[in-house]
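This report refers to the structure that appears directly beneath it.
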Amino acid sequence: MRRSKALKLRDNRRLKRKRRVRGRISGTPEMPRVTIYKSNKYIIVQAIDDIAGNTLAFLNTAHLEEKLPSNIEGAKKAAAIFAEKLKAANIEKVAFDRNGYKYHGVVAAFADSLRENGIKL
Numbered sequence: 462m463r464r465s466k467a468l469k470l471r472d473n474r475r476l477k478r479k480r481r482v483r484g485r486i487s488g489t490p491e492m493p494r495v496t497i498y499k500s501n502k503y504i505i506v507q508a509i510d511d512i513a514g515n516t517l518a519f520l521n522t523a524h525l526e527e528k529l530p531s532n533i534e535g536a537k538k539a540a541a542i543f544a545e546k547l548k549a550a551n552i553e554k555v556a557f558d559r560n561g562y563k564y565h566g567v568v569a570a571f572a573d574s575l576r577e578n579g580i581k582l
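Given below as structure tokens:
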């Protein structure tokens with residue numbers, strides 16, 4: 462299947478933003494980097510310790526008992542579940558990596574819900 466020039470251009474712009482943002486932030490065991498990936502169906506989130514190269518917490522909405530959609534409401538519920546996982550791992554403060562996505566919609570809803578559930582960004 463061939464992709465249109467517009468899709469290639471959109472993806473290249475996101476990857477440029479991703480590299481620029483990723484060059485500025487890094488995760489530590491005390492303050493891991495939380496990165497989000499969103500597709501049309503699912504949201505995938507990880508808390509990463511970049512020094513050791515370990516994933517400290519992980520959430521994929523496809524693997525939940527109640528499958529959550531990749532929209533604002535699904536992002537809010539996913540953030541509440543992920544906040545519980547972070548608290549179980551004794552993580553209270555994180556560096557948020559929006560992974561090249563613009564900070565609105567699903568990404569902003571996820572970040573705001575993390576804050577509401579007691580995680581400092």
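Counting from 462, one number per residue, gives the positions in the sequence shown under my numbering. Idealized CB from N, CA, C, for every residue including glycine. Everything numeric in this text was worked out from a predicted model, so none of it was measured.
Check                                                                                                                            : Outcome
Bridge partners of A569, per DSSP?                                                                                               : For A569, which the question treats as bridged, DSSP gives no partner whatsoever.
Classify T516 as helix, strand or coil using the three-state DSSP reduction.                                                     : strand
Can you give me the C-alpha to C-alpha distance between P493 and F557, rounded to a whole angstrom?                              : 9 Å
Is I486 helix, strand or coil when you go by DSSP?                                                                               : coil
Return the residue from the list K502, A572, L547, A513 that minimises the CA-CA distance to A523.                               : K502
Along the chain, where does the alpha helix (DSSP H) that runs through A544 open and close?                                      : 533 to 549
Quick one: any contact between the stretch 530 to 539 and the stretch 509 to 517, if contact means 3 or more CB pairs under 8 Å? : no
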